[in-house]
Structures are given as C-alpha cells and as structure tokens.
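> Sequence order for the protein chains is A and B. So in this note's numbering, spot 214 of the first sequence is number 214, and the numbers just go up one at a time. So in this note's numbering, spot 10 of the second sequence is number 10, and the numbers just go up one at a time. Where a beta carbon is used, it is the ideal one built from N, C-alpha and C, also for glycine.
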Amino acid sequence: MSKTTSGNPMDLLDRYLQAVGFWLPGAQQQDIIAELSEDLHSQIEEKETELGRSLNETEIEDILKRRGRPLLVANRYLPQRSLIGPVLFPIYWFVLKLVAGFYLLPWILVWIGMMSFSPSYRAEHTSAGWFGAIASAWSAWWFIALAALGTVTIVFAVLQQFQIKSRFLEDWNPHKLPPARNPNQIPRSGSVIEVVANLMFGIWWIDMMSTRVLLDRPEIRIVVAPVWRYFFWGFLLLAVINAVAAGVNLARPYWTVPRASVRLATGCIASALFCWMSRASLVAEITGAHIPAARAHEITNALNLWMDRVFPMVLAAGVVIALVDIRRTLRVKKAAPVQLKGAVSVAVI
Amino acid sequence: MCVTYYMTNGTAKEAEVFENLKLELRRGCLTLAVLTQLRTERYGYTLRKALADDGLEIDEGTLYPLLRRLESQGLLVSQWREEDKRNKRFYLLSPVGVQTLEQLLSEWQRINTSLSKILQEA
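Structure (structure tokens):
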C-alpha cells in the first residue's frame, strides 16, 4: 500500500531525494542531493514548459520512476565494494565446494547410514519420533554448515583485505605451477605399487587366511564362521584381478572404458564384501588357555557387535569408492580416443 | 512449445550479450564525449542535452557519477553558481583534463584508424 502524500506533487520529489540521501555517505550526501534535485527540477520545468501547465502527481511519479529506485541511484555514486573480490572469488568458490563435498555431504550420508543400519544409534535419536530426529539432525547440520561456510567466508574476507594492500596474488612464478596432467593417464608408480601390494596381499592371504582358524596359538585361538570361505575366495579373486589390471595399466598407462569398468566392478564387489563381512557375525569362536569360557563368549559377541556397528562407515566408504569409479568411467567414456605422443591411436584395452 | 521456449530464451540471451557488449563499447566513448563537451563550461542537465542533440543519449544515473569520478581524478573542476534563480553545478575541463583529453583523442584516432583498416580487410 502506498504512503499518502500531502497533496503537493513536489512532496514526492522531496521524499525521493530523502530516500536517495539515506544511502549516500555523509560527506557527499548534501552535494549529490543538491545536484540531483537541480537536475530533476530542470527536467520537471522542461516538461511543464512543453505542456504549458504544472505537472500533476502522476507525471512527477513517472519522472521519478524513470530515474530509478533510490537505492540503485545512490549505489551508482558509491565506490564498488565487495567482501570477496573477483581475484579471490574463484578460490573461495573452490574451497566452498570442497567443504560441501568433503564435509557437509558426508555428514548427511553418515547420519543416514547410522540411522538406517545402527539400531542403537537409531534408538538413541528417535526417542522423540522420526520427525523429531530429522528436525534435530537438520538443525545440527545447518549450524555446522553455517559455521563452516561462515568461517571460510571470514578467512577469505580477511585475505581480500590483505590482497588489496599487499597484492600478494600478483607475485607468482610460472615454474611453480603444477605439471600439466591428463586425468586419463595412470601414473606408472601407482601401478607398480598396486601390482606389488596385491601380490603381497594375495600371498599373505593364502598363507594366513585360507582356513577358518585365523589364529592358532596356545594363548588364543580364533575361529571364524563357515561363511568365511566366500570372503576368502572373493578377496583373493579381487586381488588377482587387481594385480592383473594394474599390470596392464603399467604397460598401457591410460584409462580405457573396459579397464575403468573393471575397476568400477572390483570396487563395487569389494565394497559389497566388506559390507557383508561387517554384518555376518564373522567371529564364531574365541578360546584361550587363560580365558574363561564366559569371557571368551563375551569377547566374541563384542567383536561381532563392533563389526556390525562400523557397517554405516563401511557402506559410506563403499559408496564414495563407487562414485569415484563411476565418475572415472563416465569421464573416460566422454573423452575422445587417447592419443599417445606421435599421434598414434591407442587400442581400446 | 519446447522450440518456442528455446527460441525465446535464446533470443533473450543473445540480446543480453549484445547489450553487455554495447555497454562496454560505449563506456570509454562516453568518457571521451563528456570530456570533449566540457571544453565549454556546462552543468549536468545542459551537458546531457548537448550529448543527446549530438546523438549520444546518456542517462542521468550514468552521467552524474561519471562527472564526480572525473572530478575526483582531477580531470574536471566544478563550481556551484546561481543561474535562472537556481543553484547549479558547472563543470569544466581542468588543465590536467585538457592534457589528458588530447592524449585520449590521439589514442582514439589511432584505434579508429586501425579499426577502419581491419574492417576494410575483413
């Protein structure tokens, strides 16, 4: 609803000038308003001469509307200021994305995982019902998000002031830039480590974990459930596949769709095996010369319970691994056929 | 419907791009035109009229802040004086402004010559 006027059309002009003046710095306010007033009066006078009569309120309103909203008019006289300037903004945005991707999003995923798969956590947080649990988590998340994003913003605002004074970002050296990299290239050092690690794991796995008796010493004996055979063969098979794939990567150090898909499949299978393992009540029996039967039973249950409780974390890690592998596969799929030095086309495998 | 939506948005985006480029192109030219006009003393309203009469429309929201900026940079001097029973602020090129305008005009000539040459070649 518009405010009433005193009936004098020029009252609108005074109100307009006052509104513009509100946003102007004190030192320049009078000067700018005097000039603006003079200009508007000249415009009104010209129009009145043209029409041969005084302007009515609607016509003055029209002139003021064309001139623009008081805040915008005042803003043009003010120096351009920003909390974080264009030089630092891309870095600021990048850090915000990191905070969102590696802190705020995982926080939500872990919460969902804990609520879905940890009965004790769920019981503890749903005493006020599901709605209360979601509301409580939501408010906690917002607090964390605001604190994290606010802290980043404050740090960058301080850096901005520092940059204005010292211009530290202008002092740079091209030699200090990171080497140009091809995201589809596989570092050979990584492949060597993968081959060696998978072979060592395979040998150790066959040597130590091939039976259900994982530890057999006079002081303690640990036996796992019969389901262990699936894990044993599953992880062994994965180690072999990974070692072979790493060997191929070593010879042809660039991602191709089949190899990225193999990595995605092995990542998903390994994550699924870990998830299954954590919920399988794997420890069947613990005995020891100096451990009473009741105590051994307690330890067995505690170990199985602990493994069950880490399931949300295992699941979250599995999801992250799968997402990374999916992203790689899609990126490789999108990329044009890789060209080696000398423009030789590379075979698909 | 999708085609209409795409075309409407495509046209709007193109118009926006054009407007932004036009603004960029005009910005420097306006400064040059204002400085040139202020070889003769004028106040804001008559300056705007003079520019408009020569085909260069400039809105008040652009002109007055520009005049203040040029004055703060020492290129203009201003003075409040009464005319037609009203106080008006008159602007005039300062000695530094005269010198700078000469340099800007020769730069303008150089750019203009180069651009004409480029356009002829194209």
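The segment 30–59 of chain B: which residues have C-beta closer than 7 Å to a C-beta of chain A, in chain order?
Here the close residues are G44 and Y45.
> Note down, one range per segment and in chain order, each alpha helix (DSSP H) of at least 4 residues found wholly within the segment 17–58 of chain B.
The segment 17–58 of chain B contains these whole alpha helix (DSSP H) runs: 44–53.
> Could you say if the segment 73–80 of chain B and the segment 44–51 of chain B meet the contact criterion of at least three C-beta pairs nearer than 8 Å?
The segment 73–80 of chain B vs the segment 44–51 of chain B: no contact.
> Smallest Cα separation from Y230/A: which of R212/A, L40/A, S166/A and A147/A?
Stepping through the first sequence from its first residue, residue 230/A is reached at position 230. The shortest Cα separation from Y230/A among R212/A, L40/A, S166/A and A147/A belongs to R212/A.
> Am I right that E41/B and D39/A are in contact with their C-beta atoms under 8 Å? What's the rounded C-beta distance?
By one-based count along the second sequence, residue 41/B stands at place 41. By one-based count along the first sequence, residue 39/A stands at place 39. Contact doesn't hold; Cβ gap of about 17 Å is too wide.
> Given this structure, state the Cα-to-Cα distance separating R295/A from S136/A, to the nearest angstrom.
Counted from its first residue, the first sequence places residue 295/A at position 295. Counted from its first residue, the first sequence places residue 136/A at position 136. Distance between the alpha carbons of R295/A and S136/A: 39 Å.
> Give the interface partners of K88/B over in chain A, defined as CB-CB distance under 7 Å, in chain order.
For the purposes of this step, residue 88/B is taken as residue 88 along the second sequence, with counting starting at 1. Going along chain A in sequence order, the residues near K88/B (Cβ under 7 Å) are E38.
> Would you check if there are 3 or more beta carbon pairs closer than 8 Å linking the segment 313–325 of chain A to the segment 236–256 of chain A?
Verdict: no, contact absent.
> Look up G288/A in the DSSP assignment and say whether it is helix, strand or coil.
Within the first sequence, residue 288/A is the residue found at index 288, counting from 1. In this structure, G288/A counts as strand in the three-state DSSP scheme.
> For the segment 278–338 of chain A, list the beta strand (DSSP E) runs that are entirely contained and at least 3 residues long, ordered along the chain.
Listed in chain order, they are 283–287.
> Residues of the segment 251–267 of chain A in Cβ contact with chain B at a cutoff of 7 Å, in chain order, please.
Correct list: empty, as no residue qualifies.
> At the 7 Å Cβ level, is R76/A part of the contact set with chain B, yes or no?
Position 76 of the first sequence, counted from the start, is the residue given in the question as residue 76/A. Output row for R76/A: interface = yes.
> Any beta carbon from chain A within less than 7 Å of G28/B's own beta carbon?
For the purposes of this step, residue 28/B is taken as the residue at position 28 of the second sequence. It does not; no Cβ of chain A falls within 7 Å.
> Tell me which residue opens and which closes the beta strand (DSSP E) that F90/B is part of.
Translated into positions along the second sequence, residue 90/B becomes position 90. That run of the beta strand (DSSP E) goes R86 to L93.
> Could you tell me which residues DSSP pairs with D31/A in its beta bridges?
Along the first sequence, one-based indexing puts residue 31/A at 31. Answer is none; D31/A lacks a bridge partner.
> Using the Cα positions of L250/A and R26/B, report the straight-line distance between them to the nearest angstrom.
Taking the first sequence and counting its residues from 1, the one referred to as residue 250/A is at position 250. Taking the second sequence and counting its residues from 1, the one referred to as residue 26/B is at position 26. In a straight line, the C-alpha of L250/A is about 58 Å away from that of R26/B.
> Would you call K176/A buried or exposed, if buried means 16 or more other Cβ atoms sit within 10 Å of its Cβ?
Here the question's residue 176/A lines up with position 176 in the first sequence. So K176/A counts as exposed.
> Please confirm whether L238/A and A270/A have their CB atoms less than 7 Å apart.
For the purposes of this step, residue 238/A is taken as the residue at position 238 of the first sequence. For the purposes of this step, residue 270/A is taken as the residue at position 270 of the first sequence. A contact, by the Cβ cut-off of 7 Å.
> Cutting at 8 Å between CB atoms, please list the residues of its own chain near S78/B, excluding the five before and the five after it.
Against the second sequence, residue 78/B aligns to sequence position 78. Cβ within range, chain order: L67, E71, R89, F90, Y91 and L92.
> Got a sec, what are the start and stop residues for the alpha helix (DSSP H) W130/A sits in?
Reading the first sequence from its first residue, position 130 is the one you call residue 130/A. G129 to S166 is the extent of the alpha helix (DSSP H) around W130/A.
> Can you pull the DSSP bridge partners for Y254/A?
To locate residue 254/A, count along the first sequence from 1; it is residue 254. Q185/A.
> Thinking C-beta only, is L303/A closer than 7 Å to V283/A?
Taking the first sequence and counting its residues from 1, one reaches residue 283/A at position 283. Taking the first sequence and counting its residues from 1, one reaches residue 303/A at position 303. Cβ distance < 7 Å, so V283/A and L303/A count as in contact.
> Between A246/A, Q80/A and E219/A, which lies nearest to I193/A when the distance is taken from Cα to Cα?
In the first sequence, counting from the first residue as 1, residue 193/A sits at position 193. Checking every option, the nearest Cα to that of I193/A belongs to A246/A.
> Can you have a look at A343/A and say buried or exposed, based on whether 16 or more other CB atoms are within 10 angstroms of its CB?
Counted from its first residue, the first sequence places residue 343/A at position 343. Confidence at A343/A is low in this model, with a pLDDT of 41, below 50, so the placement of that residue should be treated as unreliable; the coordinate-derived value is given next. It counts as exposed.
> May I ask you to report which of helix, strand or coil DSSP gives W228/A?
Stepping through the first sequence from its first residue, residue 228/A is reached at position 228. Helix.
> When the Cβ atoms of the segment 107–118 of chain A are set against those of the segment 58–78 of chain A, are three or more pairs found closer than 8 Å?
Result no; under three Cβ-Cβ pairs closer than 8 Å.
> For G21/A, go through chain B and note every residue whose CB falls closer than 8 Å to its CB, in chain order.
Locating residue 21/A in the first sequence gives position 21, where the first residue counts as 1. Within 8 Å Cβ-Cβ: nothing; G21/A doesn't reach chain B, min ~14 Å.
> Answer with yes or no whether the minimum CB distance from P159/B to chain A is below 7 Å.
With chain B covering 1 to 122 only, the question about residue 159/B has no answer from this structure.
> Using a C-beta to C-beta distance shorter than 7 Å, which residues of chain A count as neighbours of R68/B?
Taking the second sequence and counting its residues from 1, one reaches residue 68/B at position 68. Residues of chain A passing the Cβ test: Y77.
> Determine the contact status of N198/A and N242/A, defining contact as a CB-CB distance below 7 Å.
Residue 198/A sits at position 198 when you count from the first residue of the first sequence. Residue 242/A sits at position 242 when you count from the first residue of the first sequence. Cβ distance < 7 Å, so N198/A and N242/A count as in contact.
> Taking Cβ positions, are L214/A and I222/A nearer each other than 7 Å?
If you number the first sequence from 1, residue 214/A lands on position 214. If you number the first sequence from 1, residue 222/A lands on position 222. Cβ distance < 7 Å, so L214/A and I222/A count as in contact.
> Among C29/B, T62/B and E121/B, which one has its Cα closest to the Cα of Y185/B?
There is no way to answer for residue 185/B, as the model of chain B reaches only from 1 to 122.
> Please state whether the Cβ-Cβ distance between I84/A and Q160/A is less than 7 Å.
As a first step, residue 84/A is located in the first sequence; it is residue number 84 there, counting from the start. As a first step, residue 160/A is located in the first sequence; it is residue number 160 there, counting from the start. Contact flag set, yes.
> Could you name the residues of the segment 40–70 of chain A whose beta carbon sits closer than 8 Å to any beta carbon of chain E, in the order they occur along the chain?
Given the protein chain composition of this structure (A and B), no chain E is represented.
> Using the Cβ count rule (16 or more neighbours within 10 Å means buried), how would you classify E124/A?
For this step, residue 124/A is matched to residue 124 along the first sequence. Its Cβ having fewer than 16 others within 10 Å, E124/A is exposed.
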